[in-house]
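Student: Starting off with a structure, shown below.
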């Protein structure tokens, strides 16, 4: 460390130059057509080309949509003898600035699902109308039978009267339209919807931050526990409310997808990595992608590839049309060569999971990859229409995603460092609001956004020291002892070069 006394006495020769406060996010792998089933690849790249958005956004939204339609109909058992099951419901986030075209990508990928849900609702409405007319006719018939039953009763034939009414009871004919997607719901209502739609639902949010931030709050921990249970897809959950009574959700199957800005997800990563909210929520966002900034957009006006859209829609309709068995999902296992490949990958994955160079939160994220890669392999296989076993081609495609997603996960968790960098920038811009010599306590008293917690303040100060904007001046313990404190002073290089911002 540079001696602060030397710097004050001889600022020019010994003061190091400030280093710009610039983030250096880890590089990420890009998507390729070979990583997608033929049934959806053309659609993904057609939307990406026309919208001039990263194909990663369209691919992730489409894959999660397909997994949500499969829901509890099919499951993969990755081991030949063990009963470990993987359902294909997945969670993911499209990470990028507001101009990254996340919303158009999400909208196009989910449009066939929205269209399907509307047609199902319309069909139910027609059926409901027919049922009401039938109910009206049955009510007329029931009145006739009531009179007959009264006559029998008056004649002393009580059991015959009772049997007559039992055989012509009026039944409720209201049916709820099936749901595929939810956007904003209370946890209680979501529980009811899951009971009405036991194959599962897709929670789609144009902006995920509101949903994730709500779950991060201390008062919503019971909601958070419910959503965490929905990740695996094979859990059961019950809750008791005075108004609603006891509700038991037998099949907690939920897929999640939406967009989020880097600064917003950085805060959530900060909560996890700092231990303030480390129960695995952020790690469950397994299909989170944060692609590089796209080249400058140019004007493009062409017709959509309707053939590609039709092939994508056909897969969705085919998978939706499969009946969900009351006794449980149809089980697929790996073909022998795919089984060997998955086993070898699983064993190599343990190196990342046990690697102490990674933060425990990152290790936990990698620990959920078997579910993710298994789900992807199952989805890719079902896209082919061959539904007996997971073949080698689907397994190889899924493993290409393993490497791809790993690079994006490392960029995701680097957002923690980015958050410290942003806080350092905020502090630097307000450098003239602090005393010449100041402490962590002086910064905390200001109540500035992002700089209200000692851990956040210390991280920002350490960043400014590392980039030579600040000097640390250790102070000895006071007369009555106690721990030594550290005071900070802005580097003379800051004023000498006229630098007041990064």
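In my numbering, the protein residues as written are 47 to 548. Just so you know, even glycine gets a beta-carbon here, dropped at the ideal spot from N, CA and C.
Mind checking residue 92: buried by the 16 CB within 10 Å criterion, or exposed?
Tutor: Working through the chain shown from its first residue, we reach residue 92 at position 46. So residue 92 ends up on the buried side.
Student: Taking the alpha-carbon positions, what's the residue 430 to residue 233 distance?
Tutor: Numbered from 1 along the chain shown, position 384 holds the residue referred to as residue 430. Numbered from 1 along the chain shown, position 187 holds the residue referred to as residue 233. Roughly 35 Å between the two C-alpha positions.
Student: Report all residues from its chain with a CB closer than 7 Å to the CB of residue 43; omit the five preceding and five following residues, and keep chain order.
Tutor: Outside the shown range of the chain, which is 47 to 548, sits residue 43, and nothing can be said about it.
Student: Measuring CA to CA, which of 303, 298, 443 and 231 is closest to residue 274?
Tutor: Within the chain shown, numbered from 1, the residue matching residue 274 stands at position 228. When only C-alpha atoms are compared, the closest one is 298.
Student: For residue 75, which residues from the same chain have a beta carbon less than 7 Å from its beta carbon, with the 5 sequence-adjacent residues on both sides left out?
Tutor: For the purposes of this step, residue 75 is taken as the residue at position 29 of the chain shown. Closer than 7 Å at Cβ, skipping near neighbours: 449, 450 and 453.
Student: In or out: residue 425 buried (at least 16 other Cβ within 10 Å) or exposed?
Tutor: As a first step, residue 425 must be located in the chain shown, where it is residue number 379. It counts as buried.
Student: Does the stretch 337 to 345 come close enough to the stretch 97 to 105 that 3 or more CB-CB pairs lie under 8 Å?
Tutor: Look at the beta carbons and you see the stretch 97 to 105 touching the stretch 337 to 345: at least three pairs across the two are nearer than 8 Å.
Student: Only counting the same chain, and skipping five residues up and downstream in sequence, which positions put a Cβ closer than 6 Å to that of residue 104?
Tutor: Start at 1 with the first residue of the chain shown, and residue 104 comes out as number 58. Within the same chain, residue 104 has close Cβ partners 90, 93, 94, 151 and 155.
Student: Restricting to runs no shorter than 3 residues, where is the beta strand (DSSP E) found entirely within the stretch 67 to 140?
Tutor: As far as the stretch 67 to 140 is concerned, its whole beta strand (DSSP E) runs of at least 3 residues are 120 to 123.
Student: Which word fits residue 24, buried or exposed, when buried means at least 16 other C-beta atoms lie within 10 angstroms of its C-beta?
Tutor: Because the chain spans 47 through 548 in this model, residue 24 falls outside it and cannot be assessed.
Student: Return the chain-ordered list of same chain residues with a C-beta closer than 8 Å to the C-beta of residue 296, the five sequence neighbours on each side being excluded.
Tutor: Here residue 296 refers to the residue found at position 250 of the chain shown. Taking C-beta separations shorter than 8 Å and ignoring five residues to either side along the sequence, the partners of residue 296 in its chain run 241, 244 and 282, following chain order.
Student: Give a yes or no on whether the C-beta atoms belonging to residue 496 and residue 472 are separated by under 8 Å.
Tutor: Along the chain shown, one-based indexing puts residue 496 at 450. Along the chain shown, one-based indexing puts residue 472 at 426. Cβ distance < 8 Å, so residue 496 and residue 472 count as in contact.
Student: Please list the segments of the alpha helix (DSSP H) lying wholly inside the stretch 475 to 522, counting only runs of 4 or more residues, in order along the chain.
Tutor: 486 to 492 and 500 to 512
Student: Take residue 110 as the anchor and find which of 102, 137, 87 and 124 has the nearest alpha-carbon.
Tutor: Here the question's residue 110 lines up with position 64 in the chain shown. Nearest of 102, 137, 87 and 124 to residue 110, Cα basis: 137.
Student: At 4 residues or longer, and completely inside the stretch 364 to 434: list those alpha helix (DSSP H) runs for me, N to C.
Tutor: 382 to 399, 406 to 413 and 415 to 429, all fully within the stretch 364 to 434.
Student: For residue 329, count neighbouring C-beta atoms within 10 Å of its own C-beta (all shown protein chains included) and say buried if the count is 16 or more, exposed if not.
Tutor: To locate residue 329, count along the chain shown from 1; it is residue 283. Per the 10 Å Cβ criterion, buried.
Student: Under the three-state reduction of DSSP, which class applies to residue 64: helix, strand or coil?
Tutor: Residue 64 sits at position 18 when you count from the first residue of the chain shown. Three-state DSSP puts residue 64 in coil, outside helix and strand.
Student: According to DSSP, is residue 250 helix, strand or coil?
Tutor: Reading the chain shown from its first residue, position 204 is the one you call residue 250. Three-state DSSP puts residue 250 in a strand.
Student: Could you say if the stretch 395 to 415 and the stretch 378 to 386 meet the contact criterion of at least three C-beta pairs nearer than 8 Å?
Tutor: no
Student: Measure from the alpha carbon of residue 210 to the alpha carbon of each residue in 195, 129, 252 and 312, then state which is nearest.
Tutor: By one-based count along the chain shown, residue 210 stands at place 164. Ranking the options by Cα distance to residue 210, first place goes to 195.
Student: Could you check whether the Cβ of residue 260 sits closer than 7 Å to any heavy atom belonging to the ligand FAD?
Tutor: Judged by which ligands are present, the structure shown has none, so any question about the ligand FAD falls away.
Student: Taking 6 Å as the limit between beta carbons, can you name the residues of its chain near residue 571, skipping five residues before and five after?
Tutor: It is not possible to answer for residue 571, since the shown part of the chain is limited to 47 through 548.
Student: State the Cα-Cα distance for the pair residue 547 and residue 474, rounded to the nearest angstrom.
Tutor: For the purposes of this step, residue 547 is identified with residue 501 of the chain shown, where counting begins at 1. For the purposes of this step, residue 474 is identified with residue 428 of the chain shown, where counting begins at 1. At residue 547, the pLDDT of 45 sits below 50, so the modelled position is not reliable; the number obtained from the coordinates is stated separately. If you take the alpha carbons of residue 547 and residue 474, they lie about 6 Å apart.
Student: Would you kindly report the start and end of the unbroken beta strand (DSSP E) that includes residue 315?
Tutor: By one-based count along the chain shown, residue 315 stands at place 269. Careful: residue 315 lies outside any beta strand (DSSP E), inside the alpha helix (DSSP H) at 308 to 319.
Student: If you compare alpha carbons, which of 271, 247 and 246 is closest to residue 258?
Tutor: For the purposes of this step, residue 258 is identified with residue 212 of the chain shown, where counting begins at 1. Checked all of 271, 247 and 246; the closest Cα to residue 258 is 271.
Student: Go through the stretch 253 to 292 residue by residue and report every complete run of the beta strand (DSSP E) that reaches 3 residues or more, in order.
Tutor: 281 to 287
Student: CA-CA distance, residue 413 and residue 348?
Tutor: Looking up residue 413 in the chain shown gives position 367. Looking up residue 348 in the chain shown gives position 302. Going from the Cα of residue 413 to the Cα of residue 348 covers about 43 Å.
Student: In the structure shown, what three-state DSSP assignment does residue 362 receive?
Tutor: In the chain shown, the residue the question calls residue 362 occupies position 316. In the three-state reduction of the DSSP assignment, residue 362 falls in the helix class, which pools H, G and I.
Student: Terminal residues of the continuous alpha helix (DSSP H) containing residue 535?
Tutor: Indexing the chain shown from 1 puts residue 535 at position 489. Run containing residue 535: none in the alpha helix (DSSP H); it sits in the beta strand (DSSP E), 531 to 536.
Student: Please report how far the alpha carbon of residue 62 lies from the alpha carbon of residue 114, in whole angstroms.
Tutor: On the chain shown, residue 62 is found 16 positions in, with the first residue counted as 1. On the chain shown, residue 114 is found 68 positions in, with the first residue counted as 1. Approximately 56 Å, taken between the alpha carbons.
Student: Cutting at 8 Å between CB atoms, please list the residues of its own chain near residue 239, excluding the five before and the five after it.
Tutor: Along the chain shown, read from residue 1 onward, the residue named residue 239 stands at position 193. These residues qualify, in order along the chain: 225, 228, 231 and 247.
Student: Suppose contacts are defined by Cβ-Cβ distances below 8 Å. Is residue 301 in contact with residue 135 by that definition?
Tutor: Locating residue 301 in the chain shown gives position 255, counting from the first residue. Locating residue 135 in the chain shown gives position 89, counting from the first residue. Contact: yes.
Student: If you pair each beta-carbon of the stretch 453 to 467 with each one of the stretch 434 to 443, do three or more pairs fall below 8 Å?
Tutor: no
Student: Since residue 303 and residue 86 are thought to touch, with beta carbons under 8 Å apart, how far apart are those beta carbons, to the nearest angstrom?
Tutor: Here residue 303 corresponds to residue number 257 of the chain shown, with the count starting at 1. Here residue 86 corresponds to residue number 40 of the chain shown, with the count starting at 1. Not really, about 15 Å apart at Cβ, beyond 8 Å.
Student: To the nearest angstrom, how far is it from the Cα of residue 459 to the Cα of residue 142?
Tutor: Taking the first residue of the chain shown as 1, we reach residue 459 at position 413. Taking the first residue of the chain shown as 1, we reach residue 142 at position 96. Cα to Cα, the separation comes out at about 14 Å.
Student: Assuming residue 338 is part of the alpha helix (DSSP H), what are its boundary residues?
Tutor: Residue numbering aside, residue 338 sits at position 292 when the chain shown is read from its first letter. That residue, residue 338, is in no alpha helix (DSSP H); it is neither H nor E in DSSP.
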